[in-house]
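*Asks:* Mind looking over this structure? Questions follow.
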Amino acid sequence: MDKVKFLEIVANAWQVKTTTWDGILERRDPPQAQLIFTSLRAVANAPDGLRGRILSKFKIPPFLLSRACLESNGFSGCEPVLDHDGNLAYYNHWSRFVVKQTHNKLRPKRSFTRHHVTWEKLDMEKGRLPNPTIPIHGPKSIQHGWEWYEMCFFVHWAPLSTKILCFDLPEPLQKTVQSALASNTDKINFSDPYSVFLVLFYELLSLYDSSVWSIRNHICDWESSRPQEPDYPLLHEIARHVIHVCETLVVASECVKDIKQQQQDFMAAHPQNDSSSSWAQSPFQFPLRMLQSLLSRSESNKARVHNEITLAFHTAAQRDSKIQVRIGEEAKKETTAMKAIAVVTMTFLPATFVSSIFSMSFFHFEPSQHGERDVFIVSDKFWMYWVLAGPLSITVLGLWIFWERILGKKH
Numbered sequence: 001m002d003k004v005k006f007l008e009i010v011a012n013a014w015q016v017k018t019t020t021w022d023g024i025l026e027r028r029d030p031p032q033a034q035l036i037f038t039s040l041r042a043v044a045n046a047p048d049g050l051r052g053r054i055l056s057k058f059k060i061p062p063f064l065l066s067r068a069c070l071e072s073n074g075f076s077g078c079e080p081v082l083d084h085d086g087n088l089a090y091y092n093h094w095s096r097f098v099v100k101q102t103h104n105k106l107r108p109k110r111s112f113t114r115h116h117v118t119w120e121k122l123d124m125e126k127g128r129l130p131n132p133t134i135p136i137h138g139p140k141s142i143q144h145g146w147e148w149y150e151m152c153f154f155v156h157w158a159p160l161s162t163k164i165l166c167f168d169l170p171e172p173l174q175k176t177v178q179s180a181l182a183s184n185t186d187k188i189n190f191s192d193p194y195s196v197f198l199v200l201f202y203e204l205l206s207l208y209d210s211s212v213w214s215i216r217n218h219i220c221d222w223e224s225s226r227p228q229e230p231d232y233p234l235l236h237e238i239a240r241h242v243i244h245v246c247e248t249l250v251v252a253s254e255c256v257k258d259i260k261q262q263q264q265d266f267m268a269a270h271p272q273n274d275s276s277s278s279w280a281q282s283p284f285q286f287p288l289r290m291l292q293s294l295l296s297r298s299e300s301n302k303a304r305v306h307n308e309i310t311l312a313f314h315t316a317a318q319r320d321s322k323i324q325v326r327i328g329e330e331a332k333k334e335t336t337a338m339k340a341i342a343v344v345t346m347t348f349l350p351a352t353f354v355s356s357i358f359s360m361s362f363f364h365f366e367p368s369q370h371g372e373r374d375v376f377i378v379s380d381k382f383w384m385y386w387v388l389a390g391p392l393s394i395t396v397l398g399l400w401i402f403w404e405r406i407l408g409k410k411h
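FYI, the UniProt record's numbering numbers position 176 of the sequence shown as 176, with every residue one higher than the one before it.
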């Protein structure tokens, strides 16, 4: 709040100057036009005395410094003030435009700034409410690959002087606004409080255009690579930013519609004799159409991201299905092997069972004695073993085959 940069008309040309708030507030001779670059949150957090002087000097409604307005995604309003004779004493306009800009590398943000709710109870762990002076969209988000531009405009118009406060414009935009004003001085009619927006809106459009195309680049990068192992957090991060970009464009379009109507109402209530104002009957139609076109492209981006999310899930499901098929094939091979083992087992198990019953009484072995040869004698009843073991084995195998066929028909 120490130094304030501003532009003002001197000899029909814009000049850039730097001074203090005291220098601006104590100035007695009102300039024809003055444009001031400052921060709305800095004004809101300024000492009470300085904040009150700024609000009084420019007739700024105090509610614009409320947290609801400081965290809003966009708005537009106006206030005509009449004198005792019913003539227009001054006219105020305020508006807010929010842009989300993404950069080359995105990564999820693991924490967030808690929003202060007036009726919220104390945090039992920390024992205090969230700090309402801390911005929800702080500068730390840029390290995660994105940032917010939260810009406000306040126009204090009087018949002899126009003051425009530009709050929280990024530095590059301030420079382009200076250049645009310098090259379009003759196109601005200061009898119309909205004429300066003819220049400002075209510079804002460049920010919205960059916002849409930067997130589109991330979508194209994903579409061109489509990794085998999708980075789902990154994909959903892209989708989150696309949703925010669509939100800002919808609100910006509505704000421009409101400004268009406000300008028409002002010109109807206060017709200008200057013929130079007649060309600007619908000066905001083209910026409005451009915002709507960008919104359509952003909606396309959102659809493309959702398409990639769906494809990623379907690809993963297809890959899992193929793995399950391979597992099934391997299990089938194991089943065949187990069947072979079962057949062998059932072939020999009945015979083993029979032999255990008859023990070894069918065979008799006599070792050699007194120089005689060893004698191995097979009982003449050995046929009984085959009579029992053979049919039993065939019966067991037949029952198993019959059981398998029954199970096969059921399946």
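All C-beta atoms in this analysis are idealised placements derived from N, C-alpha and C, irrespective of residue type, glycine included.
Pick helix, strand or coil for residue 241, following the three-state DSSP scheme.
*Replies:* helix
*Asks:* Cα-Cα, which of 258, 299, 394, 78 is closest to residue 213?
*Replies:* 299
*Asks:* Please specify which runs of the beta strand (DSSP E), each continuous and at least 3 residues long, are wholly inside the stretch 300 to 379, giving them in chain order.
*Replies:* 363 to 366, 375 to 378
*Asks:* Considering just the uninterrupted stretch of the beta strand (DSSP E) at residue 26, what are its terminal residues?
*Replies:* Neither: residue 26 is in no beta strand (DSSP E) and is coded neither H nor E.
*Asks:* Within the continuous alpha helix (DSSP H) that includes residue 80, where are the two ends?
*Replies:* No alpha helix (DSSP H) contains residue 80, which is instead part of the beta strand (DSSP E) from 74 to 82.
*Asks:* How is residue 37 classed by DSSP in three states: helix, strand or coil?
*Replies:* Strand.
*Asks:* With distances taken from CA atoms, which of 61, 39, 392, 314 is nearest residue 352?
*Replies:* 392
*Asks:* Alpha helix (DSSP H) containing residue 218: first to last residue?
*Replies:* 197 to 225
*Asks:* My assumption, with CB atoms under 8 Å, is that residue 157 sits in contact with residue 100. Please give the rounded CB distance.
*Replies:* Not quite, the Cβ-Cβ distance comes to about 31 Å (not below 8 Å), so this is no contact.
*Asks:* Go through its chain and collect everything with a Cβ distance to residue 165's Cβ below 6 Å, but skip five positions before and after it.
*Replies:* 36, 154
*Asks:* Where does residue 5 sit, in a helix, a strand or coil, going by DSSP?
*Replies:* strand
*Asks:* In the structure shown, what three-state DSSP assignment does residue 407 receive?
*Replies:* helix
*Asks:* Round the Cβ separation of residue 232 and residue 312 to the nearest angstrom and send it over; I've been treating them as touching at under 8 Å.
*Replies:* 7 Å
*Asks:* Do you know whose CA, among 188, 151, 96, lies nearest residue 75's CA?
*Replies:* 96
*Asks:* For residue 234, which residues from the same chain have a beta carbon less than 7 Å from its beta carbon, with the 5 sequence-adjacent residues on both sides left out?
*Replies:* 106
*Asks:* Under the three-state reduction of DSSP, which class applies to residue 229: helix, strand or coil?
*Replies:* coil
*Asks:* Measuring straight from C-alpha to C-alpha, what distance separates residue 25 and residue 223?
*Replies:* 55 Å
*Asks:* State the start and end residues of the unbroken alpha helix (DSSP H) segment that holds residue 178.
*Replies:* 171 to 183
*Asks:* Across which residues does DSSP place residue 96 in a beta bridge pair?
*Replies:* 75, 152
*Asks:* Would you say residue 218 and residue 243 are within 7 Å of each other, going by their C-beta atoms?
*Replies:* no
*Asks:* Can you give me the C-alpha to C-alpha distance between residue 5 and residue 45, rounded to a whole angstrom?
*Replies:* Taking the straight line from one Cα to the other gives about 19 Å.
*Asks:* Sorted by chain position, which residues of the same chain lie with C-beta nearer than 8 Å to residue 403's C-beta, five sequence neighbours on each side aside?
*Replies:* none
*Asks:* Using only alpha-carbon positions, find the residue among 207, 261, 316 that is nearest to residue 226.
*Replies:* Residue 316 is the option with its Cα nearest to residue 226.
*Asks:* Check residue 167 in the structure and name its three-state DSSP category.
*Replies:* strand
*Asks:* Pop quiz: residue 396 and residue 346 are said to be a contact at Cβ under 8 Å. What is the actual Cβ separation, rounded to whole angstroms?
*Replies:* Going by Cβ atoms, the distance from residue 396 to residue 346 rounds to 5 Å, so yes, they are a contact pair.
*Asks:* Within the continuous alpha helix (DSSP H) that includes residue 68, where are the two ends?
*Replies:* 67 to 70
*Asks:* Quick check on the DSSP output: the beta strand (DSSP E) that includes residue 57 runs from which residue to which?
*Replies:* Not the beta strand (DSSP E): residue 57 falls in the alpha helix (DSSP H), residues 48 to 58.
*Asks:* Taking Cβ positions, are residue 94 and residue 70 nearer each other than 7 Å?
*Replies:* no
*Asks:* Assign residue 106 to one of three DSSP states: helix, strand, or coil.
*Replies:* coil
*Asks:* Compare the Cα-Cα distances from residue 282 to each of 336, 198, 247 and report the closest residue.
*Replies:* 198
*Asks:* Which residue wins for smallest C-alpha separation from residue 297, given the options 51, 246, 170, 47?
*Replies:* Comparing Cα positions, the closest option is 246.
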